[in-house]
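**Student:** Structure in structure tokens, see below.
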Amino acid sequence: MNIHYSFKKIILAAFAWPVLIQAKAQTMELSLEQALRTAAKGNRSLLIRSLEYSKSELAIKEAKSYRLPEVSLNSSYLVNTELPVIYLRNEQATPKPGDVQFSGRYAFLATLQARYALINPANRSNIKLAGIDNELKREEAKNTEESLALDISTLYLRILLLKEQQTVLQQSLQRNELALSDSRLLFIQGKNLKSDTLSNFIAVQNLRAGLSELRNNSVVQLQQLKQLLGLNAATELILTDSLVQSGWNPDLLPITENVSQSVAGRTDLKMQSLQLNRSRIALEQVKAVFRPKLHAIGAYQLQAQADHPQPWNYAYPRSSFVGLSLDIPIYSGSRLSHKSRQSGISIQQNELALAELESVAQTEVITLKANLNQAYDQWQIQKQNVEAAKVNFDMVSDRYRHGLGTRLELSDAELALTKNKLGILQTSFSLQLAELQLKKATGQLKLKSE
Numbered sequence: 199m200n201i202h203y204s205f206k207k208i209i210l211a212a213f214a215w216p217v218l219i220q221a222k223a224q225t226m227e228l229s230l231e232q233a234l235r236t237a238a239k240g241n242r243s244l245l246i247r248s249l250e251y252s253k254s255e256l257a258i259k260e261a262k263s264y265r266l267p268e269v270s271l272n273s274s275y276l277v278n279t280e281l282p283v284i285y286l287r288n289e290q291a292t293p294k295p296g297d298v299q300f301s302g303r304y305a306f307l308a309t310l311q312a313r314y315a316l317i318n319p320a321n322r323s324n325i326k327l328a329g330i331d332n333e334l335k336r337e338e339a340k341n342t343e344e345s346l347a348l349d350i351s352t353l354y355l356r357i358l359l360l361k362e363q364q365t366v367l368q369q370s371l372q373r374n375e376l377a378l379s380d381s382r383l384l385f386i387q388g389k390n391l392k393s394d395t396l397s398n399f400i401a402v403q404n405l406r407a408g409l410s411e412l413r414n415n416s417v418v419q420l421q422q423l424k425q426l427l428g429l430n431a432a433t434e435l436i437l438t439d440s441l442v443q444s445g446w447n448p449d450l451l452p453i454t455e456n457v458s459q460s461v462a463g464r465t466d467l468k469m470q471s472l473q474l475n476r477s478r479i480a481l482e483q484v485k486a487v488f489r490p491k492l493h494a495i496g497a498y499q500l501q502a503q504a505d506h507p508q509p510w511n512y513a514y515p516r517s518s519f520v521g522l523s524l525d526i527p528i529y530s531g532s533r534l535s536h537k538s539r540q541s542g543i544s545i546q547q548n549e550l551a552l553a554e555l556e557s558v559a560q561t562e563v564i565t566l567k568a569n570l571n572q573a574y575d576q577w578q579i580q581k582q583n584v585e586a587a588k589v590n591f592d593m594v595s596d597r598y599r600h601g602l603g604t605r606l607e608l609s610d611a612e613l614a615l616t617k618n619k620l621g622i623l624q625t626s627f628s629l630q631l632a633e634l635q636l637k638k639a640t641g642q643l644k645l646k647s648e
């Protein structure tokens with residue numbers, strides 16, 4: 199019996215051990231820097247952009263391949279159910295000749311053809327366009343990377359904010375539960391009004407409702423963070439960074455005072471500049487299509503005809519040639535003029551779009567700098583408010599313990615302390631978010647890859 203019981207325990211342990219190992223492996227401590235590195239490897243949108251860039255590199259090779267010779271082999275084997283004829287008409291001849299049949303019942307033909315572009319201006323334009331498209335895909339990947347870095351950083355900081363807010367509300371809940379207990383005791387002793395007890399009870403319930411909402415929001419946003427990082431939904435994340443920083447100076451940011459220089463690294467400006475270059479090359483391509491083309495050509499041909507289906511007994515006479523093929527467009531119904539005008543309009547559109555985007559980018563940087571300075575001022579003020587609220591709460595608590603203050607004064611001091619603690623958390627979040635947005639606007643926000 200004991201042997202059977204021990205055997206069952208061994209079997210259960212064997213099945214349970216992989217589950218325990220898997221559960222342990224699903225817990226992941228994560229700093230913001232680690233989150234960005236993880237996203238650089240696992241985010242699916244980023245991987246899609248990377249594959250698009252790989253496709254564009256292959257497109258360059260494809261465009262260059264048109265400079266190489268083209269060789270093709272064509273062959274056919276025919277069975278003539280009725281032999282072809284040559285019409286030898288001469289109505290004045292007497293007697294009139296009949297139609298002459300020719301060819302054999304069976305016919306074979308094989309042709310090896312070669313063609314090489316000696317002069318084809320369109321090939322050069324196509325290679326340039328493929329190169330521009332490749333650079334565009336690279337900048338699009340960088341733009342996706344920057345947007346992803348901002349989204350992940352913002353979400354990470356928001357989760358930290360929710361976590362710190364839960365801590366502050368939990369501390370406030372403990373103080374208010376103690377106040378509710380004291381209020382009930384005083385009410386039983388007849389030293390307190392029922393309305394005061396109800397007010398304390400409502401305050402406690404409101405705090406519990408607030409904590410419940412914060413916990414739910416944390417769960418939802420943690421799942422969103424896992425999705426952005428490309429992690430399994432069952433992975434448990436433990437965020438290790440802190441929202442509140444002891445010291446911070448906006449002057450330490452590597453951002454030049456020259457606004458036009460500070461936006462020079464933006465990917466959207468680079469992309470628009472590439473679009474402008476692409477429209478100019480597209481105009482060259484339109485003109486190249488209507489220019490002369492010169493090709494070297496050659497062919498080698500085998501053919502056979504017979505009245506029996508025995509290819510091994512055929513005679514295969516050969517013929518071959520080499521030469522040049524010149525194609526000179528003369529008239530195309532004014533298509534060159536119309537297409538050139540369309541390309542010229544596209545160039546003007548891209549020039550205006552680039553100028554507008556530069557103006558918008560400079561305005562955005564100026565605005566974000568002002569927002570950052572304002573957030574820094576608010577953060578400094580809120581730091582002083584928290585220190586003052588702590589001192590005030592300690593003083594009122596000491597007065598209350600010695601019977602020199604009222605419960606109402608203590609409740610007001612506790613409420614002020616909680617509000618200011620929540621305020622410093624919000625200003626810290628706003629400050630770091632403003633810094634991230636400014637880095638994004640100046641092209642300095644990147645994913646960190648190992």
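Per this note's numbering, the very first residue in the sequence shown carries number 199; after that it's consecutive. Glycine included, every Cβ here is placed at the ideal spot set by N, Cα and C.
Count Cβ pairs between the region 471-491 and the region 539-553 that sit closer than 8 Å; are there 3 or more?
**Tutor:** These segments touch.
**Student:** My output table needs one value for residue 644: the three-state DSSP class, helix, strand or coil.
**Tutor:** Coil, per DSSP.
**Student:** Given a threshold of 16 other Cβ atoms within 10 Å of its Cβ, counted over all protein chains shown, does residue 637 qualify as buried or as exposed?
**Tutor:** With 16 or more Cβ atoms within 10 Å of its Cβ, residue 637 is classed as buried.
**Student:** Which of helix, strand or coil does DSSP assign to residue 380?
**Tutor:** In this structure, residue 380 counts as helix in the three-state DSSP scheme.
**Student:** To which residues of the same chain is residue 240 closer than 8 Å at the C-beta, ignoring the five residues directly before and after it?
**Tutor:** Same-chain partners within the cutoff: 427, 428, 429.
**Student:** Since residue 555 and residue 466 are thought to touch, with beta carbons under 8 Å apart, how far apart are those beta carbons, to the nearest angstrom?
**Tutor:** Their Cβ separation, rounded to whole angstroms, is 6 Å, which keeps residue 555 and residue 466 in contact under 8 Å.
**Student:** Less than 9 Å between the C-beta atoms of residue 355 and residue 435, yes or no?
**Tutor:** Result no, Cβ atoms of residue 355 and residue 435 do not sit closer than 9 Å.
**Student:** What residue ranges within the region 413-489 form continuous alpha helix (DSSP H) runs of no fewer than 4 residues, ordered along the chain?
**Tutor:** As far as the region 413-489 is concerned, its whole alpha helix (DSSP H) runs of at least 4 residues are 457-460, 465-487.
**Student:** Does DSSP put residue 536 in a helix, a strand or coil?
**Tutor:** DSSP places residue 536 in helix when its eight states are reduced to three.
**Student:** Skipping 5 residues on each side, what residues in its chain have a beta carbon closer than 6 Å to that of residue 580?
**Tutor:** These residues qualify, in order along the chain: 621, 622, 625.
**Student:** So what does residue 557 bridge to, in DSSP terms?
**Tutor:** In the DSSP output, where bridge partners are listed per residue, residue 557 has none listed.
**Student:** To the nearest angstrom, report how far apart residue 594 and residue 378 are at their CA atoms.
**Tutor:** Rounded to whole angstroms, residue 594 to residue 378 spans 17 Å at the Cα level.
**Student:** Tell me whether residue 258 sits in a helix, a strand or coil according to DSSP, three-state version.
**Tutor:** Three-state DSSP puts residue 258 in a helix.
**Student:** Around the C-beta of residue 510, are 16 or more other C-beta atoms found within 10 angstroms, so that it is buried, or is it exposed?
**Tutor:** Burial call: exposed.
**Student:** Count the CB pairs spanning the region 599-619 and the region 560-567 that are closer than 8 Å, and state whether there are at least three.
**Tutor:** Cβ pair count under 8 Å is below three, so no.
**Student:** Please classify residue 535 as buried or exposed, where buried requires at least 16 neighbouring CB atoms within 10 angstroms.
**Tutor:** Looking at its Cβ environment, which holds fewer than 16 other Cβ atoms inside 10 Å, residue 535 is exposed.
**Student:** Leaving aside the five residues before and after residue 221 along the sequence, list all residues of the same chain whose C-beta is less than 8 Å from its C-beta, in chain order.
**Tutor:** Unreliable placement is indicated for residue 221, whose pLDDT of 46 sits below 50; the coordinate value is still reported in the next sentence. Nothing meets the Cβ criterion.
**Student:** In angstroms, rounded to a whole number, what distance separates the CA positions of residue 281 and residue 497?
**Tutor:** Their backbone Cα atoms lie some 27 Å apart in a straight line.
**Student:** With a CB to CB cut of under 8 Å and the five nearest residues on each side skipped, what residues in its chain are close to residue 640?
**Tutor:** Hits under 8 Å: 453, 460, 461, 463, 464, 563.
**Student:** Enumerated in chain order, which unbroken segments of the beta strand (DSSP E) with a length of 3 residues or greater are wholly contained in the region 300-360?
**Tutor:** Qualifying beta strand (DSSP E) stretches, in chain order: 304-317.
**Student:** Return the residue from the list 604, 632, 278 that minimises the CA-CA distance to residue 570.
**Tutor:** It is 632 whose Cα lies nearest to the Cα of residue 570.
**Student:** Could you tell me the distance, in whole angstroms, from the CA atom of residue 322 to the CA atom of residue 254?
**Tutor:** Taking the straight line from one Cα to the other gives about 17 Å.
**Student:** Determine the DSSP secondary structure at residue 370, reduced to helix, strand or coil.
**Tutor:** If DSSP states are grouped into helix, strand and coil, residue 370 belongs with the helices.
**Student:** Going by DSSP, name the residue or residues bridged to residue 567.
**Tutor:** Note: residue 567 sits in no beta bridge, so no partner.
**Student:** Does DSSP classify residue 499 as helix, strand or coil?
**Tutor:** In this structure, residue 499 counts as strand in the three-state DSSP scheme.
**Student:** From residue 416 to residue 423, what does the alpha carbon distance come to, in whole angstroms?
**Tutor:** Approximately 10 Å between the Cα atoms of the pair.
**Student:** State the beta-bridge partners of residue 516 as determined by DSSP.
**Tutor:** Looking at the DSSP assignment, residue 516 forms a beta bridge with 500.
**Student:** Return the CA-CA distance between residue 592 and residue 457, expressed in angstroms with no decimal places.
**Tutor:** Between residue 592 and residue 457, the C-alpha separation is close to 48 Å.
**Student:** Would the region 517-534 count as touching the region 357-366 if we require 3 or more Cβ pairs under 8 Å?
**Tutor:** Contact between the region 517-534 and the region 357-366 is absent, because fewer than three Cβ pairs lie under 8 Å.
**Student:** Can you tell me whether residue 330 is buried or exposed, with buried defined as 16 or more other CB within 10 angstroms of its CB?
**Tutor:** Buried: at least 16 other Cβ atoms inside 10 Å.
**Student:** Do residue 334 and residue 270 count as a contact pair if the criterion is CB distance below 9 Å?
**Tutor:** No, they are not a contact pair.
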